[in-house]
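Data first, discussion second: the structure below is written as structure tokens.
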Amino acid sequence: MTGGKIAFCFPGQGSLETGMGRDIAEASPEAMEVFDIGSEASGLDLQRLCFETPAEDMVETELQQPALVATSLAMLAALRKRGFRPDFVVGHSVGEFTALAAAGAMSVRETLTLVRERGLAMAEAARERPGSMAAILGLEDEAVERLCRRILGVWPANYNCPGQIVVSGENTAVDECCARAEDQGAHRTVKLRVSGAFHSPLVAHAAERLRPAVEKVRFSEPSAPFMSTVTARVESAQRIGPVRFTQSASELVREGVRTFVEVGPGNVLSGLVKRIDRSVKAIPVNSLAALEKLEELLAGA
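Just so we're aligned: the sequence shown equals residues 196 to 496 in the working numbering.
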């Protein structure tokens, strides 16, 4: 199919879809089991949340994070049942927890328990220190970094692809950064539908609440190399910092990855990968039809 290595990549907040994961779960007992285990672990009715709740009602991070991760893990279970195995795993933001689970470092139950606690911790931190996030399109990373150094209360948060960087911080600081970016020639700026200034010092307090939950997990050594989007290197453990997806995807290409399979709702990461390197394949697996298409591509290799 590819003539190169395969990386499974797992999306983060923002990749919401109404009814996400439903068709795969109804066709795959292994996928449905993930929602059952995840519901018990998180204390949420993940089937109702993912299958029936409108996407616009899942903006709150304490709901969005477990819903996204459960959907990705369910799709992963269906992929595994069909014999798919990645050479590398990588995740964007909360997708790093999915990637660690995909690599065998955590069980489904441990992952959803931890992600639920992470969402609650981040939501609490966001209420204590409100803020927002915005994507700046069409400026070099260095130009956006300079703006963040000059404006108090805003920081680079996500390096998504060349010419697209997300900033995070206090509401007025983010608005000022967007205005200055447009003055400097940014194609456009887009405020994100999130409930806080994530990946910024404003929500650093969340790490303190999350630490006891993390310490309860006995992480296994990943069975597939885990590419951290914090360090842009293959790691055995997660660290805290900005999301460096651009650098991580580029490093995977240097490692010989020629196909990126996005496992989860939406196709955000597939689009970013194609902007990072047009020579690779980026295939979103976000539905039963997409999964069957991937099987056809494999069979035709």
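Think of the CB as a built atom: it goes at the ideal place given N, C-alpha and C, for glycine as much as any other residue.
The alpha helix (DSSP H) enclosing residue i, as first and last residue numbers
| i | result |
| --- | --- |
| A401 | 401 to 411 |
| M253 | No alpha helix (DSSP H) contains M253, which DSSP labels as neither H nor E. |
| R473 | Careful: R473 lies outside any alpha helix (DSSP H) and carries neither H nor E. |
| F440 | 440 to 449 |
| A329 | Looking at the DSSP string, A329 is not in any alpha helix (DSSP H); the run it does join, the beta strand (DSSP E), is 327 to 332. |
| S234 | 224 to 237 |
| D240 | That residue, D240, is in no alpha helix (DSSP H); it is neither H nor E in DSSP. |
| R280 | R280 -> no alpha helix (DSSP H), and no H or E assigned at all. |
| F292 | 290 to 297 |
| L211 | Per DSSP, L211 belongs to no alpha helix (DSSP H) and is neither H nor E. |
| V339 | 336 to 345 |
Beta carbon of residue i nearer than 8 Å to that of residue j
| i | j | result |
| --- | --- | --- |
| A202 | F455 | yes |
| V409 | M328 | no |
| V289 | V310 | yes |
| S210 | G391 | no |
| L332 | A381 | yes |
| T475 | V452 | Checking the displayed sequence, the identity of residue 475 turns out to be Val instead of Thr. Yes; because the gap between Cβ atoms is below 8 Å, this pair is in contact. |
| T157 | A236 | Past the boundaries of the shown model lies residue 157; the chain is included only from 196 to 496, so the question cannot be answered. |
| E312 | L405 | yes |
| L274 | L486 | yes |
| G314 | P261 | yes |
| S423 | H394 | no |
| P357 | T441 | yes |
| A497 | E291 | A query on residue 497 cannot be resolved here, the shown segment of the chain reaching from 196 to 496 and no further. |
Residue environment, residue i, which counts as buried when at least 16 other CB atoms sit within 10 Å
| i | result |
| --- | --- |
| A432 | For A432, the pLDDT reaches just 49, beneath the cut-off of 50, and the residue's location in the model is therefore unreliable, although a value from the coordinates is still provided. It is exposed - the Cβ of A432 has fewer than 16 other Cβ atoms within 10 Å. |
| D472 | buried |
| E491 | exposed |
| S465 | buried |
| E335 | exposed |
| E403 | exposed |
| A300 | buried |
| A484 | exposed |
| R434 | Reliability fails at R434, whose pLDDT of 49 lies under 50, so the model's placement of it is uncertain and the value that follows must be treated cautiously. R434 should be labelled exposed. |
| R413 | exposed |
| G238 | exposed |
| E446 | buried |
| E337 | exposed |
| P351 | buried |
Through-space distance from residue j to residue i, alpha-carbon basis
| i | j | result |
| --- | --- | --- |
| R280 | L347 | 45 Å |
| C373 | L342 | 9 Å |
| Q359 | A226 | 33 Å |
| G214 | A269 | 13 Å |
| R324 | A477 | 37 Å |
| A265 | L241 | 8 Å |
| E257 | G207 | 13 Å |
| L295 | Q379 | 39 Å |
| A419 | D282 | 6 Å |
| D218 | G461 | 14 Å |
| K411 | A220 | 29 Å |
| G326 | R277 | 43 Å |
| S415 | H287 | 21 Å |
| G233 | Q259 | 13 Å |
| G199 | V448 | 10 Å |
| P224 | D252 | 27 Å |
Cβ distance (whole Å) where residue i is taken to contact residue j below 8 Å
| i | j | result |
| --- | --- | --- |
| P396 | A298 | Actually they do not touch by this definition, with Cβ atoms about 29 Å apart. |
| V285 | C204 | 5 Å |
| A376 | T384 | 6 Å |
| N355 | L467 | 5 Å |
| P479 | E450 | 21 Å between Cβ atoms; not a contact. |
| V349 | V369 | 5 Å |
| A330 | L244 | With a Cβ gap of about 26 Å, A330 and L244 do not count as contacting. |
| A318 | E228 | So it is not a contact: roughly 28 Å between Cβ atoms. |
Residue range of the unbroken beta strand (DSSP E) whose run includes residue i
| i | result |
| --- | --- |
| P351 | 349 to 356 |
| T454 | 452 to 458 |
| R383 | 383 to 386 |
| F283 | 283 to 286 |
| V303 | It is not in any beta strand (DSSP E) - V303 instead sits in the alpha helix (DSSP H) that spans 303 to 323. |
| A427 | Looking at the DSSP string, A427 is not in any beta strand (DSSP E), and its letter there is neither H nor E. |
| V361 | 359 to 364 |
| R205 | Before going further, note that residue 205 is Phe rather than Arg in the sequence given. 200 to 205 is the extent of the beta strand (DSSP E) around F205. |
Check: residue i C-beta below 7 Å from any heavy atom of the ligand MG
| i | result |
| --- | --- |
| V229 | In the structure shown, the ligand MG is absent, as is every other ligand, since no ligand is present at all. |
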